[in-house]
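See below for the structure under consideration.
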Amino acid sequence: MAMRRLPGPSAAPVPGAAPLAARGVMEVARAEMGVAMRFTLWLGIVLALAGFGVTVSKMMIWQVVLPTGNPWTLSGLAILLCIAIAMNVALDQLREVGLLAVSHRLARRMAAPLVMAAAQQPGRSDISAGQALRDVEELRRNVAGPVLTGVVDAVIVPLLILLLLYFHWAFAVFALALCLIAAILSLVGERLTRRALIASNDAHAQTSGLVADAMRCAESVEAMGMRQALATSWEARMEESATALRGAQNAGRWIGAALATVSGIGTGGALVLGTVLAANGANIGMGALVCMLTMSQILGPFTRLGGAVTDWADALAAWQRLQGLSRADRGPDNAIAFPCREGRLVMERVSFAHRGAPRALLRDVQLVVEPGRAVAISGTAGAGKTTLLRIAVGMVKPSAGGCFLDGQSTSQWQREDFARHVGYLPQDPLLTDGTVAEAIARLAAPDMQAVMEAARLADAAAMIAGLPMGYATPIRAEGPLSAGQRQRVALARALYGRPKLLVMDEPAAFLDAEGEQRLVRLIRRLTAEGMGILFTSHRPALLAAADRVLVLRGGQLAPAPLTPAIAGPAPRRPAGEAA
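Counted from 1, the sequence shown has number 179 at position 179 by full-length UniProt numbering; the numbering is strictly sequential.
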């Protein structure tokens with residue numbers, strides 16, 4: 001039967017919105033962070049000058065107005081003081097708003113390319129993508145948070161120390177000594193608090209996991225009389241978490257009190273030191289007052305040093321992970337939309353090894369999937385079946401050899417165009433938030449004719465019609481779809497646009513016996529219509545539906561033994577070579 005080609009998912013890019021590769025986005029991020037640093041530095045210097053203007057205004061009121069009692073002088077200095085304070089507040093708000101805007105723009109530009117790069121990594125790509133998002137958020141938080149401004153404030157501290165040195169060296173030494181004490185207290189406090197918080201969070205996570213497991217198996221817990229034992233275990237873990245949290249709070253409270261004492265000593269000690277120096281005949285001028293007024297600005301960065309060091313260490317680790325991810329990204333620079341007339345898949349001497357692994361997962365794999373033929377791959381868990389399929393759809397690049405669709409490398413194909421020709425059903429049928437129609441249409445604007453045709457091909461039309469809102473039924477994690485229904489919707493998504501090759505990873509993982517039989521009929525019908533199918537499975541009924549069954553063992557493919565369960569009732573083509 002001739003196959004009628006339906007419209008595939010639209011892949012038209014938005015004009016002027018060509019996505020950056022992960023490698024390019026890190027260069028953009030470096031430039032953005034440089035802009036943020038320069039912006040914060042210059043604005044911090046202006047803020048320091050404004051703060052100095054506030055200090056000078058206070059000094060002038062003390063030094064000029066009190067001896068003369070001139071109300072006009074007092075009025076002028078009061079206006080100057082108000083202007084300096086207003087400038088200080090306005091510039092501080094401008095700095096916060098500017099850094100917030102830079103951080104959001106940075107996260108917006110980095111997130112999508114880096115998550116896409118993580119999704120192409122071998123192994124648990126979902127974990128890699130989640131880590132990439134967390135790393136981007138860590139950078140955004142540090143750019144927008146007080147850490148960057150704290151660094152600039154620390155850079156300004158030497159200028160204030162030089163100002164104190166101008167009045168008397170003793171003021172500078174006094175300030176440096178207090179800075180050292182504040183830095184030590186802050187670092188020690190952060191270490192003690194962080195250690196206790198980690199212990200508290202670990203205990204809380206264990207409690208949450210225990211509760212979640214119990215809720216999933218509530219009937220078993222009740223039936224086996226485990227409720228009291230679980231409650232006792234919860235209480236023990238909750239007490240452990242609370243004890244660790246109290247330790248963190250106590251450490252933070254004591255360190256906070258010590259830092260407040262240091263700040264108080266700085267303010268009062270400046271006045272005492274100035275009095276002692278003046279009594280001994282030193283000419284300090286307004287040094288005591290200047291030291292007292294600037295001490296909080298000098299000590300501020302050092303009282304926050306512990307948290308700043310931790311945040312910067314986390315941000316640096318996140319940056320290094322993202323850089324490693326960007327270097328591993330092959331990017332879309334050389335991707336091409338090749339023509340695909342037959343959908344013939346060929347693997348030539350494909351080998352693959354994870355980085356740092358002592359041995360290759362796949363070795364010299366040779367495989368051909370002809371149009372209108374179904375090839376099944378069986379094997380034990382961890383044999384490399386999923387990796388082999390990811391190579392087939394171009395998501396993983398082989399360490400040696402090549403995988404070709406109609407003579408073109410699958411890893412060099414433009415992804416949106418490749419998806420028009422090859423449908424992919426992963427082992428975990430991830431369905432993002434949206435409606436059933438949007439999920440089948442791969443989050444593009446649904447072409448309802450193509451959506452309904454894909455549902456019919458997947459034998460899911462009746463199931464979707466029975467949903468509360470049909471094709472408009474929302475898909476959520478806690479939504480109305482069971483695991484088997486999600487699998488069938490994901491299969492319809494793979495068949496959207498009627499591809500020429502269908503690749504399925506354990507397609508019957510969530511299906512019952514009836515669903516398995518429907519899948520067997522689907523495989524036979526699609527191959528009769530000329531579609532090539534490559535899938536992994538260990539179920540005899542599915543293996544019997546394939547034209548060829550291969551076993552992946554020791555990294556190599558070999559023909560499967562022709563057992564009665566696999567052969568099925570109908571005559572079956574003998575298993576050929578894997579080449």
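Quick reminder that beta carbons are idealized off the backbone N, C-alpha and C, glycines included.
Spatial neighbours of THR73 in its chain, beta-carbon cut-off 8 Å, leaving aside the 5 residues before and after:
VAL64 and VAL65
Mind checking who ILE255 pairs with in its DSSP beta bridge?
Here ILE255 is not bridged, per DSSP, to any residue.
Proximity to LEU106 [Cα-Cα], best of TRP319, ARG415, LEU187 and ALA308
TRP319
Looking only at C-alpha atoms, which of ALA172, VAL115 and ILE475 sits nearest to LEU322?
VAL115
Comparing C-alpha positions only, which one of ARG373, THR40 and ALA546 sits nearest to GLY150?
THR40
Spatial neighbours of ALA374 within its chain, please: CB distance less than 6 Å, with the 5 preceding and 5 following residues excluded, ordered by chain position.
ILE523, THR527, ILE533, ALA546 and ASP547
Give me the residue from PRO540, MET531 and ARG140 with the minimum Cα distance to ALA513.
PRO540
How far does the beta strand (DSSP E) with PRO559 in it extend, from its first residue to its last?
556-559
Alpha-carbon to alpha-carbon, PHE167 and MET286:
8 Å
Exposed or buried, which one is LEU159 when buried takes at least 16 other CB atoms within 10 Å?
exposed
Closer than 8 Å by C-beta to MET295: which residues in its own chain qualify, once you throw out the five before and the five after it? Chain order, please.
Within the same chain, MET295 has close Cβ partners ALA175, LEU178, SER263, GLY266, THR267 and ALA270.
Hey, quick one: how far does the beta strand (DSSP E) through ASP428 stretch, first residue to last?
Unbroken run through ASP428: none, as it is neither H nor E.
To the nearest angstrom, how far is it from the Cα of ALA29 to the Cα of MET110?
7 Å
Please classify ASP311: does DSSP put it in a helix, a strand, or coil?
Here ASP311 sits in helix by DSSP.
With DSSP as the reference, label residue 598 as helix, strand or coil.
Only positions 1 to 579 of the chain appear in the structure, and residue 598 is not among them; the question remains open.
ARG341 to ALA494, Cα distance in whole Å?
19 Å
Answer yes if the segment 460-475 comes into contact with the segment 406-426, meaning at least three C-beta pairs across the two stretches below 8 Å, and no otherwise.
no
Work out the CA separation of GLY69 and LEU299 for me, nearest whole Å.
About 34 Å.
What is the C-beta distance between ALA400 and SER351, in whole angstroms, given that I count them as a contact (C-beta under 8 Å)?
Right, the Cβ-Cβ distance comes to about 4 Å (below 8 Å), so this counts as a contact.
Which same chain residues end up closer than 8 Å to VAL520 when comparing Cβ atoms and leaving out the 5 residues on each side of it in sequence?
ALA541, LEU542, ALA544 and ALA545
Coil, strand or helix - SER378 by DSSP
strand
ALA492 classed as buried or exposed, judged by whether at least 16 other C-beta atoms fall within 10 angstroms:
ALA492 is buried by the Cβ-count criterion.
Give, in chain order, every unbroken run of the alpha helix (DSSP H) that is at least 4 residues long and sits entirely within the segment 516-557.
540-545
Pick helix, strand or coil for LEU504, following the three-state DSSP scheme.
Before going further, note that residue 504 is Met rather than Leu in the sequence given. Strand at MET504.
Could you tell me the alpha carbon to alpha carbon distance between ALA48 and ARG359, rounded to whole angstroms?
60 Å
Could you check if CYS82 is buried or exposed, using at least 16 other CB atoms within 10 Å of its CB as the buried criterion?
exposed
Report yes if the CB atom of LEU511 is closer than 8 Å to the CB atom of MET531, and no otherwise.
no
Output the distance between the C-alpha atoms of GLU314 and PRO301, rounded to the nearest integer angstrom.
Per the sequence presented here, residue 314 reads as Asp, with Glu not at that position. Each residue's alpha carbon lies about 18 Å from the other.
Rounded to whole angstroms, how far is the Cβ of LEU367 from the Cβ of GLY384, which I believe are closer than 8 Å?
So it is not a contact: roughly 13 Å between Cβ atoms.
Ignore the nearest five residues each way along the sequence and tell me which others in PHE404's own chain have a CB closer than 6 Å to its CB.
VAL346
According to DSSP, what are the bridge partners of ALA422?
Strictly speaking, residue 422 in this sequence is Val, with Ala absent from that position. LEU501.
Please check the pair ARG140 and SER103, which I expect to be a contact at CB under 8 Å, by giving their CB distance rounded to whole angstroms.
Right, the Cβ-Cβ distance comes to about 5 Å (below 8 Å), so this counts as a contact.
Where ASN250 falls, given that 16 or more other Cβ within 10 Å makes a residue buried:
exposed
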